[in-house]
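>
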Amino acid sequence: MDIIPQLILESLLLGAFYAFMSLGFSLTWGVLNIINLAYGSYILLGSYLAYSLYTYLGIDPILSLPVSFGAGFLLGLLTQRVLIDRVMRLEPFMVLILTFGLDIFLANLLNLVFRADVRSIDVPYAERSFILGPLVVTEVKVAVFLLSLVLTGSVYLLLQRTWTGRSIRAVALDREGAQIVGISPTRVFLITSGLGTGIALSSGNLYGVLQGFTPFDGGMLTVKAFLVSIVGGLGRVESALAGGLFLGFLEVFTAFYLGEGWKFFASLIAMFLFLLLRPRGLLGGKYYGET
Amino acid sequence: MRVLEVSDLEAGYGDVQVLRSVSMHVNEEEVVAIFGSNGSGKSTFLKVLIGTLKPWGGTLKYMDHHIEDLPPEERVRRGMALAAEGRKLFLGMTVEENLLLGAWTNRERSKENLEKVYTYFPDLYRKRKDLAGDLSGGQQQMLSIGRALMSNPKLLMIDELSLGLAPAVVTKIADVLLRIREEEGVSMIVVEQEVSLALDISDRAYVFDLGEIVDEGRSEDLLRRDSIRKTYLSVL
Chain A
1 MDIIPQLILE
11 SLLLGAFYAF
21 MSLGFSLTWG
31 VLNIINLAYG
41 SYILLGSYLA
51 YSLYTYLGID
61 PILSLPVSFG
71 AGFLLGLLTQ
81 RVLIDRVMRL
91 EPFMVLILTF
101 GLDIFLANLL
111 NLVFRADVRS
121 IDVPYAERSF
131 ILGPLVVTEV
141 KVAVFLLSLV
151 LTGSVYLLLQ
161 RTWTGRSIRA
171 VALDREGAQI
181 VGISPTRVFL
191 ITSGLGTGIA
201 LSSGNLYGVL
211 QGFTPFDGGM
221 LTVKAFLVSI
231 VGGLGRVESA
241 LAGGLFLGFL
251 EVFTAFYLGE
261 GWKFFASLIA
271 MFLFLLLRPR
281 GLLGGKYYGE
291 T
Chain B
1001 MRVLEVSDLE
1011 AGYGDVQVLR
1021 SVSMHVNEEE
1031 VVAIFGSNGS
1041 GKSTFLKVLI
1051 GTLKPWGGTL
1061 KYMDHHIEDL
1071 PPEERVRRGM
1081 ALAAEGRKLF
1091 LGMTVEENLL
1101 LGAWTNRERS
1111 KENLEKVYTY
1121 FPDLYRKRKD
1131 LAGDLSGGQQ
1141 QMLSIGRALM
1151 SNPKLLMIDE
1161 LSLGLAPAVV
1171 TKIADVLLRI
1181 REEEGVSMIV
1191 VEQEVSLALD
1201 ISDRAYVFDL
1211 GEIVDEGRSE
1221 DLLRRDSIRK
1231 TYLSVL
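Line by line, the protein sequences are chains A and B. Residues in the first sequence are numbered consecutively from 1, following the working numbering. Residues in the second sequence are numbered consecutively from 1001, following the working numbering.
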């Protein structure tokens, strides 16, 4: 049996999830011009929240998506207002240190509460599969794929069709220009931070049903979001989609042909090549910032 | 009635003082020109007026209210608008999106104002789906002014009206500005290096040099003044 169609299918499924997962990171980077090193821990926070709601209250992680988004939005607002807003006026390096510290804090907090054991959200449909001719795909992957597309599409519509979305894009393109039309960048930073963190936590629900997780997986997830943003480019939802699909294909094909251990190495090589040769990424918005 | 009244304004960047004791005013439906050499503080002055740069001292009164401590968004909401130096457009967004964002503080009238701007600048209507970054310099200047008009300003400030534009385009834009003043009753501050243009389209003018106002008067009087003609119009 030819394995290629199966690999392509797996890549698409994974890539769509990576696109949604990285969207918050890319948005925060593009609009606030900060790299949030705690992003991966935010994702895990969502995974543990969904895990707790499922284990103790029996709420399906798909149904608890709005809870994670809401909790993330509030956390993003709070973090921005209390911490990041004060530091980002100084210099970019200070934000890196701050979010690095936040990442360590969150990882250890999760470790304190949940211990370092691998947890997983074992929904009943995790083992069921669809068989489409020669292709086999688990129901849970299809559900994550569809939800990722719907949620990514919702963010796209928010950014394109609403006044709030336009104001976010305006600040990303020209902060001073936004000020002189009457947009408050501070307010946009708050909303973007809330939105970005909300996306991170809700993608944590999906991550939790896809695979097992521990409190210390945040660094790896941040690197993936970083790679998607560099490869795809900043500023647009389409860019995150392109970067996510690229990472999906890269991981699936590298793992199959070279082995699991090569996945991360291949991602790093790709990241360096893009930074060197195409800093705007595959689909970076014209006139948006370069990574 | 005075739309704007500035007294003893001081401002700068870091430790460098740029504006020194600047006092001026703008009357209702008046076009006031500001000109002077490069680095004389003209653009800095407009930044202080719109609120993106905080003044060090002095007073700013708009429609008889102190505005020194108001953020830019509140000044725009009250009717001040700036077509900024370098145009500060959202280059990755379409012409129409740029215009709509100009109505951020006045959303309920965005459709009506959009039609009005397209009437003043038909070129923008033809290019409404294009990215702002893909427009010519003249069209970008029209967009910058059009975007400022979307908020229904009472005081429109334009920085470097003619910079980098062909004379025919400048004339076209200047004609539209005079029409806007006539039809909308908008007061204007026009910062311009091309002194003959500045004096042609304005009622009064202020001359900036090294951050200070060194001369002022009615534009027609300034046009006849020897010192102005020798220094700025190269007439011997």
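We put the beta carbon where it would ideally sit given N, CA and C, even for glycine.
1. Near Leu27 (chain A), which residues of its chain fall below 7 Å by C-beta distance, leaving aside the five closest residues on each side in sequence?
2. Please report the distance separating the alpha-carbon of Trp1056 (chain B) from that of Ser52 (chain A).
3. For a contact defined as C-beta to C-beta under 7 Å, what are the partners of Leu173 (chain A) on chain B?
4. DSSP on Leu1060 (chain B), reduced to helix/strand/coil?
5. Near Leu159 (chain A), which residues of its chain fall below 7 Å by C-beta distance, leaving aside the five closest residues on each side in sequence?
6. Quick check: the Cα distance between Glu1010 (chain B) and Val1214 (chain B), rounded to an integer number of angstroms?
7. Which residues, taken in chain order from the stretch 1057-1085 of chain B, show a beta carbon closer than 9 Å to some beta carbon of chain A?
8. May I ask you to report which of helix, strand or coil DSSP gives Met1188 (chain B)?
9. Counting only C-beta atoms, is Arg280 (chain A) closer than 9 Å to chain B at any point?
10. I need the boundaries of the beta strand (DSSP E) containing Asp1200 (chain B), first residue and last residue.
11. For a test of the three-state rule: what should DSSP assign to Glu139 (chain A), helix, strand or coil?
12. Taking 9 Å as the CB-CB cut-off, is Glu290 (chain A) touching chain B?
13. For Tyr1013 (chain B), report the span of its alpha helix (DSSP H) as first-last.
14. Would you list, in chain order, the members of the stretch 1142-1156 of chain B that have their beta-carbon closer than 7 Å to a beta-carbon of chain A?
15. Going along the stretch 1098-1123 of chain B in order, which residues come within less than 9 Å of chain E, judged by CB to CB distance?
16. Taking a contact to mean a Cβ-Cβ separation below 9 Å, would you say Lys224 (chain A) touches Met21 (chain A) in this structure?
17. So what's Ser203 (chain A) in DSSP terms, helix, strand or just coil?
18. In or out: Tyr1013 (chain B) buried (at least 16 other Cβ within 10 Å) or exposed?
19. Nearest to Ser1144 (chain B) by CA position, among B:Leu1089, B:Val1016 and B:Ala1168, is which residue?
20. What's the gap between the Cα of Pro1071 (chain B) and the Cα of Gly1051 (chain B)?
21. Can you find the residues in the same chain that come closer than 6 Å, C-beta to C-beta, to Ala1174 (chain B), ignoring five residues on each side of it along the sequence?
22. Measuring straight from C-alpha to C-alpha, what distance separates Thr186 (chain A) and Asp1203 (chain B)?
23. Which partner residues of Tyr1206 (chain B) appear in the DSSP bridge assignment?
24. Nearest-angstrom Cα distance between Arg278 (chain A) and Tyr1232 (chain B)?
25. Taking the alpha-carbon positions, what's the Leu1158 (chain B) to Glu10 (chain A) distance?
26. Trp163 (chain A) touches chain B at which residues, Cβ-Cβ below 7 Å?
27. For the stretch 1039-1050 of chain B, list every residue whose C-beta sits within 7 Å of some C-beta in chain A, in sequence order.
28. Looking only at its chain, what residues have a beta carbon closer than 8 Å to the beta carbon of Leu1155 (chain B), apart from the 5 residues adjacent to it on each side?
29. Going by DSSP in three states, Glu290 (chain A) sits in which element: helix, strand or coil?
30. Regarding Leu135 (chain A) and the ligand MN, is the C-beta to nearest heavy atom distance less than 8 Å?
31. Kindly identify the DSSP beta-bridge partner or partners of Ile1158 (chain B).
32. Under 8 Å: do the stretch 1089-1107 of chain B and the stretch 170-182 of chain A share three or more Cβ pairs, one atom per stretch?
33. Mind listing the chain B neighbours of Leu170 (chain A)? Cutoff is C-beta to C-beta under 9 Å, in chain order.
34. Assign Ser193 (chain A) to one of three DSSP states: helix, strand, or coil.
35. Taking only beta-carbon positions, decide if Thr1052 (chain B) is within less than 9 Å of chain A.
Concretely, from the data shown:
1. Position 27 of the first sequence, counted from the first residue, corresponds to residue 27 (chain A). Only Thr192, Leu195 and Gly196 meet the Cβ criterion.
2. Translated into positions along the second sequence, residue 1056 (chain B) becomes position 56. Translated into positions along the first sequence, residue 52 (chain A) becomes position 52. Those two C-alpha atoms are separated by around 54 Å.
3. Sequence index remark: in the first sequence, residue 173 (chain A) carries index 173 (1-based). Correct list: Phe1090, Leu1091, Gly1092 and Met1093.
4. The residue given as residue 1060 (chain B) occupies position 60 in the second sequence. It is a strand residue.
5. Counted from its first residue, the first sequence places residue 159 (chain A) at position 159. Cβ neighbours of Leu159 (chain A) beyond the five flanking positions: Gly165, Ile168, Arg169 and Val237.
6. As a position in the second sequence, residue 1010 (chain B) is number 10, starting the count at 1. As a position in the second sequence, residue 1214 (chain B) is number 214, starting the count at 1. Distance between the alpha carbons of Glu1010 (chain B) and Val1214 (chain B): 15 Å.
7. Considering only beta carbons, the part of the stretch 1057-1085 of chain B lying closer than 9 Å to chain A consists of Pro1071, Pro1072, Glu1073, Glu1074, Arg1075, Val1076, Arg1077, Ala1081, Leu1082, Ala1083 and Ala1084, in chain order.
8. Counted from its first residue, the second sequence places residue 1188 (chain B) at position 188. Annotated three-state conformation of Met1188 (chain B) is strand, per DSSP.
9. Mapped onto the first sequence, residue 280 (chain A) falls at position 280. False, the Cβ-Cβ gap to chain B never drops below 9 Å.
10. Taking the second sequence and counting its residues from 1, one reaches residue 1200 (chain B) at position 200. Counting along the chain, no beta strand (DSSP E) covers Asp1200 (chain B); the unbroken alpha helix (DSSP H) around it starts and ends at Val1195 to Ile1201.
11. Locating residue 139 (chain A) in the first sequence gives position 139, where the first residue counts as 1. In the structure shown, Glu139 (chain A) falls within a helical segment according to DSSP collapsed to helix, strand and coil.
12. Counting from 1 along the first sequence, the entry for residue 290 (chain A) is found at position 290. With a pLDDT of 45 at Glu290 (chain A), under the threshold of 50, the modelled position of this residue cannot be trusted; read the value that follows with caution. With a threshold of 9 Å between beta carbons, Glu290 (chain A) makes no contact with chain B.
13. The residue you call residue 1013 (chain B) lines up with position 13 of the second sequence. Membership of Tyr1013 (chain B) in any alpha helix (DSSP H) is not indicated; the residue belongs instead to the beta strand (DSSP E) covering Arg1002 to Tyr1013.
14. Those residues of the stretch 1142-1156 of chain B that come within reach of chain A (Cβ to Cβ, closer than 7 Å) are Arg1147 and Ser1151.
15. No chain E appears in the structure shown, which is made up of the protein chains A and B.
16. To locate residue 224 (chain A), count along the first sequence from 1; it is residue 224. To locate residue 21 (chain A), count along the first sequence from 1; it is residue 21. Contact flag set, yes.
17. Walking along the first sequence from the start, residue 203 (chain A) turns up at place 203. DSSP places Ser203 (chain A) in helix when its eight states are reduced to three.
18. Position 13 of the second sequence, counting from 1, holds the residue named residue 1013 (chain B). Answer is exposed; the Cβ neighbour count stays below 16.
19. Start at 1 with the first residue of the second sequence, and residue 1144 (chain B) comes out as number 144. Answer by Cα proximity: B:Leu1089.
20. Counting from one through the second sequence, the residue named residue 1071 (chain B) turns up at place 71. Counting from one through the second sequence, the residue named residue 1051 (chain B) turns up at place 51. Each residue's Cα considered, the two are about 6 Å apart.
21. Residue numbering aside, residue 1174 (chain B) sits at position 174 when the second sequence is read from its first letter. Closer than 6 Å at Cβ, skipping near neighbours: Ile1201.
22. Locating residue 186 (chain A) in the first sequence gives position 186, where the first residue counts as 1. Locating residue 1203 (chain B) in the second sequence gives position 203, where the first residue counts as 1. Distance between the alpha carbons of Thr186 (chain A) and Asp1203 (chain B) is about 38 Å.
23. One-based indexing of the second sequence puts residue 1206 (chain B) at position 206. BP columns for Tyr1206 (chain B) point to B:Ile1034 and B:Glu1216.
24. Reading the first sequence from its first residue, position 278 is the one you call residue 278 (chain A). Reading the second sequence from its first residue, position 232 is the one you call residue 1232 (chain B). Approximately 47 Å, taken between the alpha carbons.
25. The residue labelled residue 1158 (chain B) in the question sits at position 158 within the second sequence. The residue labelled residue 10 (chain A) in the question sits at position 10 within the first sequence. It is worth fixing the name first, because residue 1158 (chain B) is Ile in this sequence and not Leu. Approximately 55 Å, taken between the alpha carbons.
26. Locating residue 163 (chain A) in the first sequence gives position 163, counting from the first residue. Residues of chain B passing the Cβ test: Arg1107.
27. Under the 7 Å Cβ criterion, the stretch 1039-1050 of chain B contributes Ile1050.
28. The sequence position of residue 1155 (chain B) within the second sequence is 155, counting from 1. Here the set comprises Val1003, Leu1004, Val1026, Tyr1062, Gly1079, Met1080, Ala1081, Val1186, Ser1187, Met1188 and Ile1189.
29. Position 290 of the first sequence holds residue 290 (chain A). Low local confidence applies: a pLDDT of 45 at Glu290 (chain A) is under 50, so the model's placement there is unreliable, with the coordinate-based value given in what follows. Of the three classes helix, strand and coil, the one that applies to Glu290 (chain A) here is coil, per DSSP.
30. With respect to the ligand MN, the structure offers nothing, as it holds no ligand at all.
31. The residue given as residue 1158 (chain B) occupies position 158 in the second sequence. Beta bridge pairing from DSSP links Ile1158 (chain B) with B:Ala1083 and B:Val1190.
32. Result yes; three or more Cβ-Cβ pairs closer than 8 Å.
33. In the first sequence, residue 170 (chain A) corresponds to position 170, counting from 1. Correcting the residue type first, residue 170 (chain A) is Ala in the shown sequence and not Leu. Within chain B, the residues Phe1090, Met1093, Glu1097, Asn1098, Leu1101 and Trp1104 have their CB atoms less than 9 Å from the CB of Ala170 (chain A), given in chain order.
34. Locating residue 193 (chain A) in the first sequence gives position 193, counting from the first residue. Of the three classes helix, strand and coil, the one that applies to Ser193 (chain A) here is helix, per DSSP.
35. Start at 1 with the first residue of the second sequence, and residue 1052 (chain B) comes out as number 52. Judged by the 9 Å Cβ criterion, Thr1052 (chain B) is in contact with chain A.
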